[in-house]
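Residue numbers for the sequence shown, in my numbering: 13 to 382.
The structure under discussion appears below in the form of structure tokens.
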Amino acid sequence: LAEKESILVHFDLYMPSRRDAAVIDGNIILKTDFTITFSYEQHRHRIDNFNVGKMVSCQHYGHLVWKDPLRAKYDISNVPQSNFHNGCIRPGNFVSDVSSENPEGNTHDSLSLHFQSGQMLGCKMVLYPFLPNLGIDLLISDIRVKTVTNNSSPATASVYESESQLCTNEDGHLLQGDAQLALSYIVHLENSCQSEESEYLKVNLGLSTIKWKPSELKLPSEEGLSLSKHLSNDKTFAKLHGPLPICSYLSLLGPLVGVHRSPFRVNVSSCPVSTNLSTPFTVEYSVVNETKQHQLLNIDITESKSLLFSGLEKFQFQMAPYEKYTFGYTAIALTTGDVELPSLHVSSYRHKTWIINEKDSDHRTIFVLP
């Protein structure tokens, strides 16, 4: 090398297997250590008629920490709750005169998201760059969410249209700087565990697979910088620096939630959409006891001012194991138009939970014709 001349030496580093990752203070660290050794002969001026030369070797030690380029945050806090709670033993479904703990003595752990078996959830996922200040843009060309399968667990979170492509832009989505990409998918929760000792089972809301590619970072043109002969004609990655623009795949697990088994199953057996003024109509509900235990149910029906109600307002009934019970009321509409039906509140004496809890803001209605 002549005075003030430099040469570029090119080499690539590839991420090792995740099985080689180390766990430090609870964090998973995936690191590659490398050593660069170069030797040169140093020539000096003649001293006392001797030609002085000396071989010099230098070593440079470094490491590279591999990090996933994307992170995901999920929002399922605004999921509307059904009025049919099926007696599910979960936080928020206990009747008002008991604590939020399981009446049988089992308390919930630190898991904050609890849902009942059979519930549908709309899961919003927001992707964002993990290190937005590096100046590297990310091109996302494909996103697919599939159901997490676990043959040893009876709980599942089935993703609607599992493994279908969610990225609709043919050219992909480019995330620049701190830009974010939001998308949603639907999951159906199911807990088919037959053991009544199991309070709830944990399940992940889908597994997202993201196909991404980083942007190119070209080396700046510097005076005196030259490429070695075999690299100067290289048309691939020799003149690039940093992440190589190669498509890679990233897998992200959805949030972990608790799926509670439902001791009961509720259906609306009969509820007309419309009726005529002064014409009797019937509304019926059916409840199925899906446990091996006898159950005592408390029923409270709140009258509507626009209806003439016929039937018991407050009563109890016993249910044998796996028994189906149908109950309801007959009413006559006193006004025309959209009329609110009586609200129904059914609770389990054994579990101290709501089976049906129709709130004032979610009244069922019937349209009354003249």
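By construction, the Cβ of each residue, glycine as well, lies at the ideal position given by its N, Cα and C atoms.
Query: Nearest to histidine 375 (by Cα), restricted to the options Ile313, Met331, Ala169, Ser153; Result: Ile313
Query: Beta strand (DSSP E) segments (min. 3 residues) lying fully within the region 161–241; Result: 167–171, 185–187, 193–203, 212–216, 219–226, 237–239
Query: First and last residue of the uninterrupted beta strand (DSSP E) at proline 141; Result: 132–141
Query: Outcome for histidine 363 when other beta-carbon atoms lying within 10 angstroms are tallied against a minimum of 16; Result: buried
Query: C-alpha gap between histidine 97 and leucine 262, whole angstroms; Result: 37 Å
Query: Residues near tyrosine 73 by beta carbon distance below 7 Å, same chain, minus five either side; Result: Thr47
Query: Supposed close pair valine 215, tyrosine 172 - CB separation, criterion 8 Å; Result: Incorrect: roughly 15 Å between the Cβ atoms, too far for contact.
Query: Alpha-carbon spacing of tryptophan 78 relative to serine 204, whole angstroms; Result: 40 Å
Query: Nearest-angstrom Cα separation, counted from leucine 319 out to alanine 194; Result: 46 Å
Query: Inter-residue spacing [alpha-carbon to alpha-carbon] between proline 382 and phenylalanine 339; Result: 28 Å
Query: Check whether serine 298 and lysine 336 have beta carbons under 9 Å apart; Result: yes
Query: Cβ neighbour criterion (16 or more within 10 Å) applied to proline 292; Result: exposed
Query: Three-state class that DSSP yields for asparagine 105 in the structure shown; Result: coil
Query: Cross-strand partners of alanine 34 (DSSP beta bridge); Result: Ile41
Query: Exposed unless 16 or more other CB atoms sit within 10 angstroms - verdict on proline 28; Result: exposed
Query: Short Cβ contact (9 Å threshold) for tyrosine 334 with valine 358; Result: no
Query: Cβ shell of serine 170 (< 6 Å), same chain only, five flanking positions each side left out; Result: Thr159, His200
Query: Nonlocal neighbours in the same chain, by C-beta distance under 7 Å from histidine 407, ignoring five residues either side; Result: No statement about residue 407 is possible, as the shown extent of the chain runs from 13 to 382 and does not include it.
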